[in-house]
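Chains as they are written, first to last, in our numbering: chain E, 20 to 351; chain B, 20 to 351; chain Z, 20 to 351; chain S, 20 to 351. No residue lacks a Cβ here, since even glycine has one placed at the ideal position from N, Cα and C. Everything on this sheet refers to the single structure shown next.
Number of protein chains: 4
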Amino acid sequence: MIRVGLLGTGRIGRLHAETIASHSESTLYAVSDIDSESASELAIQYNVTVKPADDVISDPNVDAILIATSTDTHSDFIEKASLAGKAVLCEKPVDLNLNRAKECLDKVSTENNSIMIGFNRRFDPNFAQLKESLDSGEIGKCELLTITSFDPAPPPISYVKKSGGLFRDMMIHDFDLSNFIMDELPVAISAIGHSLIDPEIGAAGDVDTAVVTMIYADGKITVIKNSRRAAYGYDQRIEILGSEGLLQAENIVENSVIKSTTAGVLSAKPKYFFLERYIGAFKAEWDAFVKSIDDHKPVPVTLEDGVTALAMAEAATQSQNTGRTVQLKEVL
Amino acid sequence: MIRVGLLGTGRIGRLHAETIASHSESTLYAVSDIDSESASELAIQYNVTVKPADDVISDPNVDAILIATSTDTHSDFIEKASLAGKAVLCEKPVDLNLNRAKECLDKVSTENNSIMIGFNRRFDPNFAQLKESLDSGEIGKCELLTITSFDPAPPPISYVKKSGGLFRDMMIHDFDLSNFIMDELPVAISAIGHSLIDPEIGAAGDVDTAVVTMIYADGKITVIKNSRRAAYGYDQRIEILGSEGLLQAENIVENSVIKSTTAGVLSAKPKYFFLERYIGAFKAEWDAFVKSIDDHKPVPVTLEDGVTALAMAEAATQSQNTGRTVQLKEVL
Amino acid sequence: MIRVGLLGTGRIGRLHAETIASHSESTLYAVSDIDSESASELAIQYNVTVKPADDVISDPNVDAILIATSTDTHSDFIEKASLAGKAVLCEKPVDLNLNRAKECLDKVSTENNSIMIGFNRRFDPNFAQLKESLDSGEIGKCELLTITSFDPAPPPISYVKKSGGLFRDMMIHDFDLSNFIMDELPVAISAIGHSLIDPEIGAAGDVDTAVVTMIYADGKITVIKNSRRAAYGYDQRIEILGSEGLLQAENIVENSVIKSTTAGVLSAKPKYFFLERYIGAFKAEWDAFVKSIDDHKPVPVTLEDGVTALAMAEAATQSQNTGRTVQLKEVL
Amino acid sequence: MIRVGLLGTGRIGRLHAETIASHSESTLYAVSDIDSESASELAIQYNVTVKPADDVISDPNVDAILIATSTDTHSDFIEKASLAGKAVLCEKPVDLNLNRAKECLDKVSTENNSIMIGFNRRFDPNFAQLKESLDSGEIGKCELLTITSFDPAPPPISYVKKSGGLFRDMMIHDFDLSNFIMDELPVAISAIGHSLIDPEIGAAGDVDTAVVTMIYADGKITVIKNSRRAAYGYDQRIEILGSEGLLQAENIVENSVIKSTTAGVLSAKPKYFFLERYIGAFKAEWDAFVKSIDDHKPVPVTLEDGVTALAMAEAATQSQNTGRTVQLKEVL
């Protein structure tokens with residue numbers, strides 16, 4: 020039974036708490052948050068103790084640390100928890116600053132333990148099935164990958180300002196997903212984007228609508244399309260053209276009811292946002308983390324994966340700002 | 020080149036005229052209608068002659084007669100055309116009166132020629148594909164067939180009154196389709212129905228919504244569902260449960276556009292009515308008729324098929340009226 | 020917090036145990052099973068006590084009893100638990116014998132408590148949405164309801180023999196679902212069926228494929244189609260034709276991946292069986308039970324609903340055996 | 020009645036011949052082809068005369084010229100037919116050489132007549148419906164347009180070599196479609212591509228898989244994806260993200276049959292290639308041409324549209340070759 024210390028008891032922390040508690044091989048042991056009221060509330064629900072983060076990390080009864088705090092604390096907590104010999108699952112991104120993330124990777128790379136970054140989409144059962152079909156050769160060799168990822172609505176402008184920008188905050192999921200599907204990094208990255216939804220986002224130096232194209236050594240291509248707004252809900256699709264066919268992972272919708280009237284044939288919208296859409300992915304992610312610890316195997320999404328995705332976001336940001344294609348080796 | 024005499028220049032007659040003229044092996048030769056203005060109009064368009072029906076039938080230059088006149092004339096024209104040695108394609112039904120239809124069958128059965136009844140749905144490319152998949156064993160042995168057939172809107176009450184009732188006028192298509200798919204006649208027929216759409220239809224002694232169940236010698240089952248009204252258009256579906264799977268022929272819709280908004284995901288309605296929905300079926304039907312003449316082979320839908328479907332409608336009508344299951348042999 | 024005593028720790032009992040434990044307003048308190056090993060195993064997992072059923076029922080600390088034992092014990096346990104003043108959630112059916120079920124209803128009808136029958140499908144989020152759309156008039160007045168319910172594979176013949184037959188064992192769910200959707204009981208029931216899948220089922224006096232049609236006072240119609248075998252998985256669909264449109268609840272499939280190759284466009288099968296398909300329904304059912312207790316309101320599926328569905332199964336069985344339509348009042 | 024002279028009696032010429040002959044306002048009058056046997060064959064079928072192209076153009080009985088000859092003759096025939104006062108419908112592209120196309124445009128721009136370029140996809144009923152929904156504001160303001168256009172299989176290498184390259188030969192359709200949908204030209208064009216399907220295509224200096232991104236003055240984006248091979252058929256889809264929703268035009272499939280077995284749920288592939296997929300578009304295109312002549316209105320797709328699409332192909336080719344983004348004004 021893995022005893023888990025949870026850092027961060029906000030929305031995503033609470034989701035993880037439930038997943039940890041319901042897993043047959045893990046139990047929630049201690050929680051921490053700078054908002055002590057939030058921490059206490061969660062502690063009572065699960066009958067666990069509240070402590071300062073550093074005490075949770077140093078507690079010898081704690082086997083693993085789940086980091087769900089604000090982004091600017093991720094690198095520090097990863098380093099501390101790793102040095103304390105704990106297994107770590109840290110929410111994405113590692114850091115907004117690529118150099119800081121690389122430094123973190125350097126510091127922990129000699130430690131013999133497990134650090135996993137929370138790119139949950141790899142574990143979505145639909146995307147996992149897509150990957151399995153691709154790997155088993157069902158559509159031949161991959162030629163063209165398209166990832167569509169639209170949020171239902173833009174975040175508050177206050178969030179946008181400290182988010183690191185669309186590429187580091189939002190598209191980073193798609194960079195990692197692309198690496199997961201391709202099993203290979205692209206050579207060059209090209210980005211175009213604009214603030215079409217809200218001029219305030221543009222005034223803050225960010226974009227809300229963007230397309231990235233990436234080319235690989237052998238010529239195959241990835242296209243990533245991001246928008247901060249899809250009026251109809253959370254649009255999360257993947258499409259792969261291969262030499263012998265096409266694979267598509269379609270949206271998961273709210274229900275299976277279809278209504279046909281004089282107005283047309285109406286069916287349900289995609290599930291609204293990531294908590295609804297990726298609930299199965301979060302559970303499968305935790306299960307994979309637990310299994311890798313139990314089996315003394317490498318975690319399926321490494322800290323290096325997290326740094327790589329961040330570097331791709333950096334490259335995309337540079338491409339967007341300069342109008343030129345950026346080679347991935349320029350930033351890695 | 021088969022020279023065709025067309026009897027009846029109404030809506031369905033005009034559809035046939037176009038099909039005949041555009042087929043590489045047939046040509047429209049003469050037309051006839053009790054409405055001489057309608058006949059003349061069509062004759063001018065295709066540069067053919069107008070004549071009384073009997074003269075069209077007796078014209079030695081005419082190879083085939085297409086009967087698209089009112090139902091009460093079908094049996095007579097079939098007999099005359101057949102006795103004159105012409106091939107015949109007659110719109111369904113053979114007659115509203117089962118005895119008259121049987122008499123017609125008796126009279127022409129010794130004639131060495133081709134009489135085909137216009138059950139066009141057998142030739143719909145989708146239904147034909149369904150049948151081919153079934154016959155090639157793709158879902159194993161057929162166990163349960165369901166035919167859904169809803170018209171977009173009820174006909175005028177004046178039409179209903181002389182239609183022979185829903186079972187003879189509308190469900191007769193589905194009886195024939197069932198025979199086509201099953202390659203076998205049912206043993207017993209059970210019908211329930213009501214005038215849910217328009218009480219005037221009930222007052223006229225007819226129903227507008229009906230379900231028929233039919234059982235076969237080996238226990239397999241057909242369910243036919245009819246309604247005179249589907250607000251969303253012409254609903255024409257077939258579903259077959261077999262020992263190894265399910266086959267479905269879904270509706271053909273107006274276009275492939277899908278609109279996702281806050282209201283949901285909206286796609287197009289089924290094509291409105293039979294002229295739009297079965298345009299491909301009418302062309303394939305004519306092609307099959309022409310080929311059977313050219314190849315000196317039996318027509319794919321015989322006069323006997325027409326009489327059988329009418330007998331099934333008779334059985335269903337009796338079941339509806341009496342509340343008991345009717346054996347097909349009682350009416351055949 | 021509602022403390023629950025669970026009778027029966029088989030497959031369905033374990034599913035309920037998890038649901039009870041994960042609900043914020045209920046907790047598992049004691050378990051019982053004639054297989055003491057199974058009971059102990061579950062008790063250890065949830066850290067609860069094992070007792071004989073009667074002791075669980077009489078335990079003053081227990082607020083509610085969940086009955087997931089074999090069918091022949093249902094009536095007895097309902098009576099005992101109800102007399103002991105407990106709220107009850109009992110798996111369907113109440114009993115295989117209609118008279119015994121009616122007797123049970125008579126005995127407990129004066130008790131002031133809550134007895135709910137586990138017709139979980141009413142709580143499936145998709146069917147619940149369908150019902151809500153219907154009730155809010157989105158397709159006008161209901162005219163024709165079709166329920167398709169095919170199991171993935173037939174149960175062992177040993178199960179079939181003591182099941183009470185397809186109508187009492189399997190279609191009973193669809194009878195209740197029909198009552199739920201229609202908010203009204205049918206007047207007459209007509210059944211046809213056969214043992215098409217396995218002659219042993221026929222030899223046991225049962226059918227494996229059946230169609231029931233039911234007519235209501237105002238003429239509207241329900242069609243229920245059951246098969247013990249659908250090679251492609253658990254087929255659970257509802258379709259309602261209304262005066263202004265059509266509502267359909269389609270299958271829930273295993274994943275959203277679509278593969279297009281030279282062989283065609285392949286998508287996932289329906290979820291395999293009821294534990295996968297109706298997991299959400301079981302959770303929502305329990306939540307509704309808990310809420311009705313907390314709010315001192317009638318349960319949403321009463322014991323009387325259970326007896327009514329059983330009476331409809333009785334009528335269908337009689338119709339199947341005699342070949343005649345059975346009036347519901349003959350059996351109620 | 021418009022009398023039409025057809026230049027070119029190959030596959031696409033024959034398709035046009037049938038469309039011309041079946042239209043109520045046009046008739047085929049004369050045909051011409053450098054392959055005199057092909058020309059004679061078609062002439063006999065439609066009972067029209069065969070003449071050298073120049074004689075067809077100068078024939079005073081001819082009202083309109085349809086140019087379906089090889090690409091290198093398009094500009095010349097457009098000029099001659101236009102100078103002879105004929106209305107012209109010319110297959111795309113105007114020319115492979117942009118300067119020659121511009122010269123052609125200059126020469127005929129003072130002529131008072133109708134020259135239409137055969138970008139048939141604008142007339143596809145599905146795409147036309149998409150455009151209508153967009154223009155009527157159903158999804159708000161357009162933000163991101165994606166066109167997917169994959170051929171079923173690459174053409175012979177001999178064709179590739181004289182095709183002008185993928186951008187001029189294949190993607191030109193999508194450039195025009197983008198202009199049609201956007202009602203606006205992009206500012207900058209960026210292309211990446213490779214010969215992933217056949218190295219011979221790469222050796223010939225061409226690509227077989229390519230992605231183009233285009234940005235507009237206000238920041239909105241078009242993505243075009245092309246591949247010369249889709250194992251599952253002709254993949255022709257459009258997707259538009261707007262401020263209030265998403266519009267998609269999905270593929271048209273071979274039939275509506277769905278087969279569910281243990282292998283999954285199998286439906287039909289997209290129609291194989293452009294003759295099957297765009298048959299309705301060709302008819303609607305001709306109808307639009309005829310109406311513009313009859314109504315003395317400008318044709319819906321002008322020679323200038325043809326030159327613009329060619330310039331975009333030129334820009335994409337340059338971007339592909341140089342790796343930099345090309346401004347449209349550099350080539351226009």
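query, result
"Boundaries (first-last residue) of the beta strand (DSSP E) holding aspartate 254(B)", "254-261"
"Any C-beta of chain B under 7 Å from that of glycine 238(Z)", "yes"
"Residue from Thr28(B), Lys111(B), Tyr291(B) and Ile21(B) with nearest C-alpha to isoleucine 136(B)", "Lys111(B)"
"Unbroken stretches of the alpha helix (DSSP H), 4 residues or longer, contained in the region 37-91 of chain B", "55-65 and 72-77"
"Coil, strand or helix - glutamate 269(S) by DSSP", "coil"
"Residues, ordered as in the chain, of the region 32-52 of chain E that lie near chain S by beta-carbon distance below 7 Å", "none"
"Chain S contact for glutamate 269(B) (CB, 7 Å cutoff)", "yes"
"Residues near lysine 9(E) by beta carbon distance below 7 Å, same chain, minus five either side", "Nothing in the structure corresponds to residue 9(E), since chain E is present only between 20 and 351."
"Straight-line Cα distance separating glycine 283(Z) from isoleucine 259(B)", "19 Å"
"Complete runs of the beta strand (DSSP E) confined to the region 264-322 of chain B [at least 3 residues]", "264-268, 276-280 and 283-286"
"Per DSSP, the bridge partner or partners of methionine 135(E)", "Leu108(E) and Thr321(E)"
"Three-state secondary structure (DSSP) of threonine 129(S)", "coil"
"Under the three-state DSSP convention, the category arginine 343(B) falls into", "coil"
"CB contact check: isoleucine 277(Z) to chain E, cutoff 7 Å", "yes"
"3 or more residues per run - each beta strand (DSSP E) lying fully within the region 183-250 of chain E", "207-213, 228-234 and 240-246"
"First and last residue of the uninterrupted alpha helix (DSSP H) at isoleucine 176(B)", "176-180"
"Burial state of proline 289(Z) (16 or more Cβ within 10 Å)", "buried"
"Beta-carbon contacts of aspartate 73(E) that lie in its chain and below 8 Å, excluding the five residues immediately before and after", "Lys99"
"The region 202-216 of chain B contacting the region 224-244 of chain B, beta-carbon criterion three pairs below 8 Å", "yes"
"Below-7 Å beta-carbon distance, leucine 215(Z) vs any chain B residue", "yes"
"Residues, ordered as in the chain, of the region 249-266 of chain S that lie near chain E by beta-carbon distance below 9 Å", "Ala249, Ala250, Tyr251, Asp254, Glu258, Leu260, Gly261, Ser262, Glu263, Gly264 and Leu265"
"Closest by C-alpha distance to arginine 141(Z), when choosing among Leu163(Z), Gly184(Z) and Asp193(Z)", "Asp193(Z)"
"CB contact below 7 Å: glutamate 162(Z) versus chain B", "yes"
"Minimum Cβ-Cβ distance from leucine 281(B) to chain E less than 7 Å", "The sequence given here has threonine at residue 281(B), not leucine. Output row for threonine 281(B): interface = yes."
"Proximity to arginine 187(Z) [Cα-Cα], best of Val113(Z), Asp202(Z) and Ala207(Z)", "Val113(Z)"
"Leucine 351(B) - DSSP class collapsed to helix/strand/coil", "coil"
"Chain-order list of residues whose beta-carbon lies under 7 Å from that of serine 101(B) (same chain, five-residue window excluded)", "Val107, Val127, Glu130, Asn132 and Ile134"
"Nearest-angstrom beta carbon gap, glycine 32(B) and alanine 87(B) [assumed within contact, 8 Å]", "4 Å"
"Chain S contact residues for alanine 352(Z), given Cβ-Cβ distances below 9 Å", "Lying outside 20 to 351, the shown extent of chain Z, residue 352(Z) is not represented and no answer is given."
"Selection from Ile312(E), Met233(E), Ser45(E) and Asn274(E) that minimises the alpha carbon distance to glycine 342(S)", "Met233(E)"
"Cβ-based neighbour list, glycine 264(S), same chain, cut-off 8 Å, excluding 5 preceding and 5 following", "Glu157, Ile158 and Gly159"
"Start-to-end residues for the beta strand (DSSP E) that takes in isoleucine 7(S)", "An answer regarding residue 7(S) cannot be provided, because it is not within the stretch 20 to 351 covered by chain S."
"Contact set between proline 144(S) and chain B, taken where Cβ atoms lie within less than 7 Å", "Asn274"
"Contacts of serine 246(B) in chain Z (Cβ-Cβ under 8 Å)", "Glu162, Leu163 and Leu260"
"Below-7 Å beta-carbon distance, leucine 149(Z) vs any chain E residue", "yes"
"Residue-level contact to chain E via CB, isoleucine 176(S), 7 Å cutoff", "no"
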